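S.K.: After the structure tokens below, expect a handful of questions from me.
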Amino acid sequence: VELTKSSAAGTRRASRPLAMVDQHNVELLRQTVTQRLVESGQEERLKEFLRARLIECGWRDQMKAECKAAIMEKGLQITVEDLLLEITERGEAAVPDEVKAELLGEVRKVL
Numbered sequence: 015v016e017l018t019k020s021s022a023a024g025t026r027r028a029s030r031p032l033a034m035v036d037q038h039n040v041e042l043l044r045q046t047v048t049q050r051l052v053e054s055g056q057e058e059r060l061k062e063f064l065r066a067r068l069i070e071c072g073w074r075d076q077m078k079a080e081c082k083a084a085i086m087e088k089g090l091q092i093t094v095e096d097l098l099l100e101i102t103e104r105g106e107a108a109v110p111d112e113v114k115a116e117l118l119g120e121v122r123k124v125l
């Protein structure tokens, strides 16, 4: 339990660590959103929307180049699993904020 200071009231109150609350809430929200997208039939449309936007903004070509570079560095012995481990984090970080915002807007329309 953490103690936090309320700036408005100047009092202290007990709360759960933010990381615990956020992790649990994020997982529940993810499950709920996924269920609604599947039930509405919009999941595939949104996947296609995202796929098209990533191609348009050059993200796909950027990730293709990252994969080629990793293969050149590690050699042909690199497994698909190792390649994915190497580029997944960079790929997620490389998605433009504009594309993320557009996708979020599309998800909100469905929900």
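Just so you know, we're using our numbering here: the sequence shown kicks off at 15 and counts up by one.
Even for Gly, the Cβ is constructed at its ideal location relative to N, Cα and C.
Fair warning: this is a prediction, and the values are worked out from it, not measured in the lab.
1. Taking the alpha-carbon of residue 80 as reference, which of 103, 54 and 122 has the nearest alpha-carbon?
2. Looking at the unbroken alpha helix (DSSP H) that takes in residue 97, where does it start and where does it end?
3. Give a yes or no on contact between the segment 87–96 and the segment 46–55, applying the rule of three or more CB pairs nearer than 8 Å.
4. Please state the DSSP three-state secondary structure of residue 64.
5. Rounded to whole angstroms, how far is the Cβ of residue 64 from the Cβ of residue 117, which I believe are closer than 8 Å?
M.R.: Taking the geometry as given:
1. 103
2. Note, residue 97: alpha helix (DSSP H), 94–108.
3. no
4. Residue state, collapsed to three classes: helix.
5. With a Cβ gap of about 6 Å, residue 64 and residue 117 count as contacting.
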